[in-house]
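Engineer: Dropping the structure in here first, questions after.
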Amino acid sequence: MLLIGRELEGIWHTSIVVFAHEFYFDGGVGIIREARPGHTRFGAPYRTEHLGDTERSESEFLLWVRQQSRDDSNFGPNGYDLLRNNCNHFTQAASQFLLGRDIPSVVRDMIPMLLNTPLGRMLRPLLDRSTSHHEMNSVTGGSDGAFAPSAVSSSASRTGTTPDYSMPSTSDQQSTVEGLLNPRSSFTEGEEEDLMLARVMLESNELLGDNTNEEGVRITVQGLELLQRILQNIINNPRNASYRSFSTKSETYVTKLKPIEHFGVSNLLSLVGFRFQTQDVDTNIGRWILSDADGSQALLRRVVDVIDDIIENVNYNAAIAMSSRDQTEPRT
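Residues 11 to 342, numbered by this note's numbering, are exactly what the sequence shown covers, in order.
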């Protein structure tokens, strides 16, 4: 049983693919249209589901998207709300417009289900504050957000859940680096959502069990401490190329990071700008690489601080759970 008290397959980001393009909703930007489905910043889809064939024309859908993009009460640049109006709400609305049907309930019910758990109720005030803060600091796009129409048609419509990430092929190693040149000072609302969800996933990952699994706690904390050191080394040594890439087949990665790789570690690496270069498709072995252009001191520091909080919460929850277990165990 997880900390949230239920089995959870994933924390889903969804989009909808129709007329050969992928559409999704992102905070601070609005509705985004990707000409190459499966090549958004979220990477290749983890799962796709065919919803059916739409009778709507492409022009009808593009007009609907444009109307939704102009109104922040719908899916405009400032309309994003982590709990009440996120990417999944957009995918649901688009599916209803195109097909008159819902997207899978596992996606629609994800946030309400999480909020109805002890952990969700505990995090609710934090999530509300986070959403309010990023509404005030969101980046305002044009009247149509990131949406721009083009003439490509297709009748197939499907959703894609994308918690995994990928990158274009680059050279194996960076021989020289000039520094962390990305000027960004904060995450977008959508990225903050990803950061918060990665935190929840790590704090409630299945290795922890009910937080009384000492080995699971040790593995989780050990992996998080290594990830934190990797990021801190980059911050402290911005012109040292040796800290900018590492292989997923190294012994250190295999023993310390791989056990928690899919519980949020990959998400955190992608958020700070790392890109994954696949070297063996069959085994998914490759390198994580952070380029000068993608590296930001501010974003690295933000994630380092969040990892601090995750480690503290994992240790605290484990201490409480183990103390409670010891008190209830029969004595001989």
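A virtual CB, placed ideally from N, CA and C, is assigned to each residue, including glycine.
1. Tell me the residue span of the alpha helix (DSSP H) that contains S214.
2. Based on the DSSP output, what are the partners of N95 in its beta bridges?
3. Indicate the three-state DSSP secondary structure (helix, strand or coil) for Y34 in the structure shown.
4. Helix, strand or coil: which one does DSSP assign to T186?
5. Check H60 in the structure and name its three-state DSSP category.
6. Report yes if the CB atom of P356 is closer than 8 Å to the CB atom of E68, and no otherwise.
7. Determine which residues share a DSSP beta bridge with F353 and list them.
8. Could you name the residues that DSSP lists as bridge partners for F256?
9. So, R209 versus S306, is the Cβ gap smaller than 8 Å?
10. The alpha helix (DSSP H) with I245 in it runs from where to where?
11. Among the residues of its own chain, which have a CB less than 6 Å from the CB of I321, if the five just before and after it don't count?
12. For chain D, find out if any of its Cβ atoms is closer than 8 Å to the Cβ of R285; answer yes or no.
13. Report the rounded CA-to-CA distance for L312 versus G110, giving the unit in angstroms.
14. Thinking Y90 and E199 are a contact (beta carbons under 8 Å), I'd like their distance in whole angstroms, please.
15. For E44, which residues does DSSP report across the bridge?
16. Where T258 and N294 are concerned, what is the direct C-alpha to C-alpha distance, given to the nearest angstrom?
17. Considering only their Cβ atoms, is the gap separating G62 from E203 smaller than 8 Å?
18. So does the segment 259-277 actually touch the segment 216-230, counting three or more Cβ pairs closer than 8 Å?
Structural biologist: Taking the coordinates as given:
1. Run containing S214: none; DSSP gives neither H nor E here.
2. D91
3. Strand.
4. coil
5. strand
6. The requested residue 356 does not occur in the structure, where the chain is confined to residues 11 to 342.
7. Missing from the structure shown is residue 353; the chain here goes from 11 to 342 and no further.
8. Beta-bridge annotation (DSSP): F256 is paired with W298.
9. Cβ distance not < 8 Å, so R209 and S306 don't count as in contact.
10. E224 to N246
11. Once the five neighbours on either side are set aside, the close Cβ partners of I321 are V231 and L234.
12. Considering every chain present, this structure includes no chain D. It has just one protein chain.
13. The residue you asked about is not Leu; residue 312 is Arg in the sequence shown. The straight-line gap from Cα to Cα measures roughly 41 Å.
14. 5 Å
15. Paired residues: E32.
16. 9 Å
17. No.
18. yes
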